[in-house]
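For what it's worth, this note's numbering labels the leading residue of the sequence shown as 3, then goes sequentially.
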Amino acid sequence: MAAAGVLHVVATPIGNLGDLSPRAAQVLGSVAAICAEDTRHTRQLLAQIGVSTPLLALHEHNEEALAPRLVERLRAGESLALVSDAGTPLVSDPGFRLVRAAREAGIRVSPVPGPCALVAALSVAGLPSDRFVFEGFAPAKAAARREWLAALAGEPRTLIFYESAHRIHAMLADAAAAFGGDRRAVVARELTKLFETVLDGTLDALVARVGSDADQRRGEFVVVVEGAGEDGAARLAEGRRVYALLAAELRPSLAAKLAAEITGAPRKALYGG
């Protein structure tokens, strides 16, 4: 029986083709097939590096059904590569079901590290990077997004989000309301691409800057927000305690206003009104 193949999890450029490592190019050219989120996108990358390896579409709608068949190919001795549209696979992208199935089958899963938008943004943000949390994309609907952000207001670690062009301004405005407009943040846009920009300042300042410049609402975004710190988390906890007491006697909006004034916690994190 042939030795089992290897599943290579390969990071690809987030913009600049020069960021594809020689090892990644070698692996992509040597495997039996490449599992790609969007085969059209990956085909363009392969054409640029002169690779003609067969492509298989692997996305959120077919991954669960396709994973067992791919594991059988790996068992039979074929090696496969897994890529996403850009950056490191499985970071806000499909793939974990295949990786889990391969590992459960005793297949070797080997990372080929490289570009990752969240790490790239954090590295240039100038915000604390010793402890951070990645939250992916905010909910698309405004009410759900505001509630979700409010729940993160007391998070002491640096927060990292991905966001789309058509929601970046609304997301920043909601973050300012939830975290307080004076919270420091960075908006990293089109990282490693021709029109890369990295804006920093308070959330209020970033809302104004992005809102006034249409160019800053184009492309792909990573938002990095300073954490509340341990003191901020304690203020929020106390604010929620005080709010709960006041809300038993007062209307919610007034209870939140008073609790915020008493404790210094962001009002929006206490009450969504």
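All C-beta atoms, glycine included, are put in the ideal place defined by N, C-alpha and C.
Write down the C-beta distance between Leu120 and Phe139 rounded to the nearest angstrom, noting that I regard them as a contact closer than 8 angstroms.
Position 118 of the sequence shown, counted from the start, is the residue given in the question as residue 120. Position 137 of the sequence shown, counted from the start, is the residue given in the question as residue 139. Cβ atoms of Leu120 and Phe139 stay farther apart than 8 angstroms, at about 12 angstroms.
Which parts of the stretch 16 to 74 are runs of the beta strand (DSSP E), unbroken and 3 residues or longer, counting only runs that do not cross its ends?
35 to 38 and 57 to 59
Alpha carbon to alpha carbon, how far is Thr14 from Leu272? Give it in angstroms, no decimals.
On the sequence shown, residue 272 is found 270 positions in, with the first residue counted as 1. On the sequence shown, residue 14 is found 12 positions in, with the first residue counted as 1. When rounded, the distance between both Cα atoms is 41 angstroms.
Would you kindly work out how many angstroms separate the C-alpha atoms of Arg42 and Ser86, rounded to a whole number?
Mapped onto the sequence shown, residue 42 falls at position 40. Mapped onto the sequence shown, residue 86 falls at position 84. Computed Cα separation, rounded: 12 angstroms.
Could you give the DSSP three-state label for Pro254: helix, strand or coil?
Your numbering for residue 254 matches position 252 in the sequence shown. In this structure, Pro254 counts as helix in the three-state DSSP scheme.
List, from N- to C-terminal side, the beta strand (DSSP E) runs of 3 residues or more that fit wholly inside the stretch 116 to 140.
Correct list: 134 to 139.
Does any C-beta atom of chain D lie closer than 8 angstroms to the C-beta of Asp206?
In summary, chain D is missing from the structure at hand, where a single protein chain is found.
Could you spell out the range, first to last residue, of the beta strand (DSSP E) harbouring Val244?
Looking up residue 244 in the sequence shown gives position 242. Looking at the DSSP string, Val244 is not in any beta strand (DSSP E); the run it does join, the alpha helix (DSSP H), is Gly231 to Ala249.
For Gly52 and Arg25, I'd like the C-alpha separation in whole angstroms.
On the sequence shown, residue 52 is found 50 positions in, with the first residue counted as 1. On the sequence shown, residue 25 is found 23 positions in, with the first residue counted as 1. Their Cα atoms are separated by approximately 14 angstroms.
From the DSSP output, which residues share a beta bridge with Leu186?
Here residue 186 corresponds to residue number 184 of the sequence shown, with the count starting at 1. Contrary to the premise, residue 186 reads as Arg rather than Leu in this sequence. Paired residue(s): Thr204.
Which value, in whole angstroms, describes the spacing of the CA atoms of Ala180 and Glu240?
For the purposes of this step, residue 180 is taken as the residue at position 178 of the sequence shown. For the purposes of this step, residue 240 is taken as the residue at position 238 of the sequence shown. One C-alpha to the other measures close to 16 angstroms.
Roughly how many angstroms lie between the CA atoms of Leu154 and Glu80, to the nearest whole one?
As a first step, residue 154 must be located in the sequence shown, where it is residue number 152. As a first step, residue 80 must be located in the sequence shown, where it is residue number 78. Approximately 44 angstroms, taken between the alpha carbons.
Determine the DSSP secondary structure at Arg269, reduced to helix, strand or coil.
Numbered from 1 along the sequence shown, position 267 holds the residue referred to as residue 269. If DSSP states are grouped into helix, strand and coil, Arg269 belongs with the helices.
Determine the DSSP secondary structure at Ser112, reduced to helix, strand or coil.
Residue 112 sits at position 110 when you count from the first residue of the sequence shown. Three-state DSSP puts Ser112 in a strand.
What residue range does the alpha helix (DSSP H) around Ala88 cover?
For this step, residue 88 is matched to residue 86 along the sequence shown. Taken as a continuous stretch (DSSP letters only), Ala88 belongs to no alpha helix (DSSP H), as it is neither H nor E.
Kindly confirm or deny that the stretch 196 to 205 and the stretch 145 to 165 touch, where touching means at least three C-beta pairs closer than 8 angstroms.
no
So, does the stretch 6 to 22 touch the stretch 83 to 101, judging by three or more C-beta pairs under 8 angstroms?
yes
Below 8 angstroms, how does it come out for the stretch 126 to 134 and the stretch 97 to 108: are there three or more Cβ pairs, yes or no?
no
To the nearest angstrom, how far is the alpha carbon of Thr199 from that of Tyr164?
Taking the sequence shown and counting its residues from 1, one reaches residue 199 at position 197. Taking the sequence shown and counting its residues from 1, one reaches residue 164 at position 162. So the alpha carbons of these two residues sit roughly 15 angstroms apart.
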